[in-house]
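Data block below; observations after.
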Amino acid sequence: MSSTLSRDSVVKEQPAAVPPPTSGTRAALHARASHIYDRVTTRHGWLGDYDYAWLCMPTLPFALPGRFNRKSRQVGPPFYALESELPILVSMTTGLQHALAMLAGLITPPIIFASSLSLDGETSAYMISASLIGCGILSLVQMSRIHLWRNFYLGTGLLSVVGTSFSTLSTASSVFDNMYADGTCPSTTAADGTVTRLACPDAYGYILGTSLICSFLEIFMAFVPPRTLKRIFPPMVTGTVILLIGASLIGSSGIPNWGGGSNCEGRPTTGDYVYCPSNAAPRPALWGSPQMIGLGFLSFVSIILTELFGSPFLKNISIIVGLAIGCIVAGAAGYIDGSSISSSPAITFLWVKTFKIRVYPPAILPMLAVYISVAMEAIGDITASAEVSRVAVDGEEFDSRIQGGVLSDGLGGFMSALFTVAPLSLFAQNNGVIAVTRCANRNAGRWCCFFLILFGVLGKISGVFLAIPNPVLGGVTTFLFASVAVSGARVLAYNRFTRRDRFVLAAALSFGLGDILVSDFLTYLFAGVRTSNKGLQGFLDSITIVLSTPFLIAGLIAVFLNLILPQEEDPNGDDDDVVERGVEREIVDVETIERGHDEKKL
């Protein structure tokens, strides 16, 4: 099939998937077996007509599309729908691309969890492996569309993948701070007042146990009509939450690691972290020193250059490219400690290492809020996946996809805790891959799951990820977390931004941005209130965690104001709206004129 065909003609000419044979029919079974044999033994079955040159060809500098090169037009490959017949090599290639595109987002949370709790290399490597294996298994469930009863399903039936939500990462950071503050986790204080956190694997077990019981909230939400959920949590709320998740992670993890590591931030004068990443590192340096900033900047620039000159395949894994280039330079310069690689097992799996799963009462309220946030993110991700997959985004079928996706998300939170993995929820990274490669086929998704499980089982790969220097990881994750914030801004752009919308957003950001800029603003609210009643003390600690977590407090304020403030219906709009609409008309008029000139030239 030619790659220059129009979109409509390509979709119409896609061969239909072979229907399952009738039970007990020998001829149907023979036909099915013959079809599989042809697919695995013929060149067309393996290669098809996919434009592999387009997928792997880099963008040359003189071919960059822009104002001075209007005639440059890139023609993509044919579109492969959910159930269309997909060549085996295309399935494997695009599946690998999906796995690599989401890899950085999957390894970042366990690395940050392990660093926050000062866990040893063996435990940290296991957490990375367990995260990859759990994501592969639960992504297979999410891609399914298992009919339960009536109009209820399990899974979206789309190419949907899961990963650890960054909202969990942000909340867990506040929970860990509270655990070290109340003595649940051990720490030492140096003579100069520097506090050093000791290893606390039990804290991770508390997060797993608390998330396990809180996951039932999202399971319950799966049976609430999607339209009701959208009314309670409109884009004004979800966009604010996502924006602040990204912004808070940049300040709490991305930039501190870019400077050399959070443990040595502030340049302590005594202890093991006077130098970054520690005094015993191969080439330690002070936090924020030129060599540390330079390593992170190299990875950051590599992402930009990949987006500018890379092939479509590389553009979708630009984060991995940034990590690879940063690690190559850091390794050549002697900044990498290979002990994590040598100590990692060759083969591993789930439950090789376990944690004491218990409930931490002060974390219950924050984790319940996390699951509400995760459910709202799931609805947005499912909508985006349906759009790029060219399936209906309204009607009963779409509502059932949302219901099945949220239910699978809730069950994933429950099962991931049993897998010793932090709560897993829908990931949005694959939507960009689908849009670029024009492959929404679930067979590619199944190959993606295979590669994720393979990466997790091969324990040495986790050791490689763990050996990434903090500045390299920080430079990449800063970009990754900023992408999360941009996603929140994009969701906010769906609003009309009436006076009421601006008021709700301003009130929510007042506390959200305040928490980010002055992180201890509300931390001491109940510091002077200590009681022997453990239930009451746990409740006060829960409120402190919620108030000190930017996206939680901002989300609560946005939900409350959105429900109590009446909608404004002014057909004329206020002065600002009139001005904004006038500017938009002028922009549209200019774009129309430019398109007219371009058409005349062509």
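By the UniProt record's numbering, the letter at position 80 of the sequence shown is numbered 80, and the numbering carries on one by one without gaps. Using N, Cα and C, we set each Cβ at its ideal position, and we do this for glycine too.
Report the residue from the options whose alpha carbon sits nearest the alpha carbon of residue i.
i, options, result
"Gly-413", "Asp-177, Ser-129, Ser-373", "Ser-373"
"Asn-495", "Ser-170, Pro-234, Leu-229", "Pro-234"
"Met-367", "Gln-403, Thr-228, Ser-211", "Ser-211"
"Thr-156", "Ser-532, Glu-396, Ala-554, Asn-178", "Glu-396"
"Ala-114", "Phe-220, Gly-105, Leu-103, Met-127", "Met-127"
"Leu-217", "Arg-267, Ser-116, Leu-365, Gly-193", "Leu-365"
"residue 603", "Gly-535, Asp-399, Leu-480, Ile-543", "The requested residue 603 does not occur in the structure, where the chain is confined to residues 1 to 602."
"Pro-58", "Gly-331, Asn-562, Pro-312, Asp-409", "Pro-312"
"Ala-508", "His-44, Leu-244, Ser-124", "Leu-244"
"Ala-363", "Lys-534, Asp-541, Val-40, Leu-154", "Asp-541"
"Asn-263", "Ile-255, Ile-250, Ser-278, Thr-41", "Ser-278"
"Val-393", "Arg-227, Ile-88, Leu-208, Thr-171", "Arg-227"
"Thr-194", "Arg-267, Lys-230, Thr-41", "Arg-267"
"Gly-95", "Phe-309, Ser-160, Thr-41", "Ser-160"
"Glu-265", "Ile-434, Gly-535, Ser-84, Ser-116", "Ser-116"
"Lys-534", "Arg-500, Leu-314, Pro-361", "Pro-361"
Just list the residues that DSSP pairs residue i with in beta bridges.
i, result
"Gly-163", "Ser-425"
"His-30", "None, per the DSSP bridge assignment."
"Cys-439", "Tyr-80"
"Tyr-153", "His-147"
"residue 607", "Lying before the first or after the last residue shown, residue 607 is absent from the chain, which here runs from 1 to 602."
"Cys-449", "Answer is none; Cys-449 lacks a bridge partner."
"Ala-125", "Answer by DSSP bridge pairing: none, since Ala-125 is not bridged."
"Ala-285", "Cys-276"
"Phe-347", "In the sequence under discussion, the amino acid at residue 347 is Ile, which differs from the Phe named in the question. Answer is Leu-458, bridged to Ile-347."
On the DSSP letters alone, give me the boundaries of the beta strand (DSSP E) that residue i sits inside.
i, result
"Ser-187", "187-189"
"Leu-513", "Taken as a continuous stretch (DSSP letters only), Leu-513 belongs to no beta strand (DSSP E), being part of the alpha helix (DSSP H) at 499-517."
For residue i and residue j, I'd like the C-alpha separation in whole angstroms.
i, j, result
"Ser-385", "Leu-158", "7 Å"
"Ile-320", "Tyr-273", "28 Å"
"Ile-545", "Arg-197", "19 Å"
"Met-143", "Ser-302", "33 Å"
"Val-162", "Val-518", "32 Å"
"Cys-214", "Val-359", "10 Å"
"Val-504", "Cys-276", "42 Å"
"Val-421", "Ser-131", "6 Å"
"Ser-167", "Val-370", "6 Å"
"Leu-86", "Thr-437", "13 Å"
"Phe-521", "Ser-129", "37 Å"
"Ala-333", "Ile-341", "18 Å"
"Ser-252", "Val-352", "30 Å"
"Ser-34", "Met-92", "22 Å"
"Arg-442", "Gly-432", "15 Å"
"Met-292", "Leu-286", "8 Å"
"Cys-448", "Ile-107", "16 Å"
"Ala-346", "Lys-460", "5 Å"
"Phe-526", "Thr-270", "31 Å"
"Asp-515", "Tyr-206", "25 Å"
"Leu-249", "Asp-177", "15 Å"
"Gly-183", "Pro-566", "46 Å"
"Glu-387", "Phe-79", "13 Å"
"Ala-330", "Pro-109", "22 Å"
"Ile-255", "Ile-219", "35 Å"
"Trp-258", "Ser-289", "10 Å"
"Ser-344", "Thr-478", "27 Å"
Determine whether the Cβ of residue i lies closer than 8 Å to any Cβ atom of chain D.
i, result
"Asp-409", "Here there is only one protein chain, and chain D is not present."
Can you give me the start and stop residues for the alpha helix (DSSP H) that residue i sits inside?
i, result
"Ser-340", "339-343"
"Cys-327", "318-332"
"Cys-56", "52-56"
"Val-486", "470-492"
"Thr-240", "235-249"
"Val-370", "364-388"
"Phe-560", "550-564"
"Phe-300", "290-309"
"Ala-99", "88-116"
"Arg-43", "43-47"
"Arg-227", "226-232"
"Thr-544", "534-547"
"Pro-256", "255-258"
Review point. Are three or more beta carbon pairs between the stretch 487-506 and the stretch 231-248 nearer than 8 Å?
Key: yes
Exercise for review: Examine the Cβ distances between the stretch 201-209 and the stretch 108-122 and report whether three or more of them are shorter than 8 Å.
Suggested key: yes
Check your understanding: How about the stretch 456-474 and the stretch 320-331: do they share at least three Cβ pairs that are nearer than 8 Å?
Key -> yes
Review point. Just checking, does the stretch 549-558 make contact with the stretch 278-287 on the three C-beta pairs under 8 Å criterion?
Key: no
Point to revise | Given 8 Å, three or more beta-carbon pairs between the stretch 91-103 and the stretch 449-466 | key: yes
Review point. Just checking, does the stretch 134-148 make contact with the stretch 401-418 on the three C-beta pairs under 8 Å criterion?
Key: yes
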